[in-house]
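For reference, the structure is listed below as structure tokens.
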Amino acid sequence: MSKRVAILISGSGSNMVALAESMVGDHPARPCLVLSNTPQASGLAKARAMGIETAVVDHRPFKGDRAAFEAVLHETLRAAAPDLIALAGFMRVLTGDFVRQYEGRMLNIHPSLLPKYKGLDTHARAIAAGDTEAGCTVHEVTAELDDGPILGQARVPILPGDTPATLAARVLPMEHTLYPAVLRRVCLGMRAPIMLP
Ligand code: GAR
Numbered sequence: 031m032s033k034r035v036a037i038l039i040s041g042s043g044s045n046m047v048a049l050a051e052s053m054v055g056d057h058p059a060r061p062c063l064v065l066s067n068t069p070q071a072s073g074l075a076k077a078r079a080m081g082i083e084t085a086v087v088d089h090r091p092f093k094g095d096r097a098a099f100e101a102v103l104h105e106t107l108r109a110a111a112p113d114l115i116a117l118a119g120f121m122r123v124l125t126g127d128f129v130r131q132y133e134g135r136m137l138n139i140h141p142s143l144l145p146k147y148k149g150l151d152t153h154a155r156a157i158a159a160g161d162t163e164a165g166c167t168v169h170e171v172t173a174e175l176d177d178g179p180i181l182g183q184a185r186v187p188i189l190p191g192d193t194p195a196t197l198a199a200r201v202l203p204m205e206h207t208l209y210p211a212v213l214r215r216v217c218l219g220m221r222a223p224i225m226l227p
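Take 31 as the starting number for the sequence shown in this note's numbering and just add one per residue.
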């Protein structure tokens, strides 16, 4: 039976689209839900256009009460009965208590070569540090932010004159290759890290 994958987004959902488009044919998984923490996320319409069920759990009415927000998030996810959860540009920090409920079953993509540049503004920080390469990482989500076991990385060069925007535009297509590749492997029980290209 296919594994069920819930994809959590906050924005344009380009990684969600790449994941969803990969889950066809003999792929061992199918998307069961695309969930956003903001009703404005343009990825929601893309998911609906692909025939995927969507949900919104808006974090704002909870006014910083993370436990209450996560209780509703958990209920909404539970209803979709996912085997795996893929964070794809989901920009809320999840508490350790929440994450532990999905130990080993939650993946994230982060736009840096972890362990470098956890958190935000990854591309600006890589450029400011004078790095010659950047990239993205798919990892298991653990209680520590951007810290779980690495499942795959893809590298790109940082070129003279790069800005955070030009670098992001070079990294994003690599995310769209890496994340589906890792998801497929995880669904097949393979967790040894892959390195692209
Ligand atoms: C992606 O670059 C992803 O790596 C990043 O947000 C972007 C979402 O784009 N995620 C993070 O920064 C997580 N801390 P998308 O909505 O088009 O997939």
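For every residue, glycine included, the Cβ atom is placed at its ideal position computed from N, Cα and C.
Consult DSSP for residue i and reduce its assignment to one of helix, strand or coil.
i, result
"L103", "helix"
"P210", "helix"
"S52", "helix"
"M204", "helix"
"R34", "strand"
"P194", "helix"
"R108", "helix"
"A116", "strand"
Near residue i, which residues of its chain fall below 8 Å by C-beta distance, leaving aside the five closest residues on each side in sequence?
i, result
"P58", "S32, K33, R214, C217, L218"
For residue i, which of the options has the nearest alpha-carbon?
i, options, result
"L103", "F128, G94, G81", "F128"
"G119", "P179, R221, S42, D56", "S42"
"A195", "P141, A211, A48", "P141"
"A110", "T152, R60, L137", "R60"
"V123", "L143, D95, D113, A199", "D95"
"V86", "K93, A97, Q70, K76", "Q70"
"L38", "F92, L114, E51", "L114"
"L202", "C166, V212, T172", "C166"
Please classify residue i: is it buried, with 16 or more other beta-carbons within 10 angstroms of its beta-carbon, or exposed?
i, result
"S72", "exposed"
"D56", "exposed"
"T193", "exposed"
"V168", "buried"
"K76", "buried"
"M225", "exposed"
Below 7 Å CB to CB, which residues in the same chain sit around residue i once its five sequence neighbours on both sides are set aside?
i, result
"Y147", "R155, A156"
"I188", "A156, I157, D161, T162, E163, A164, L197"
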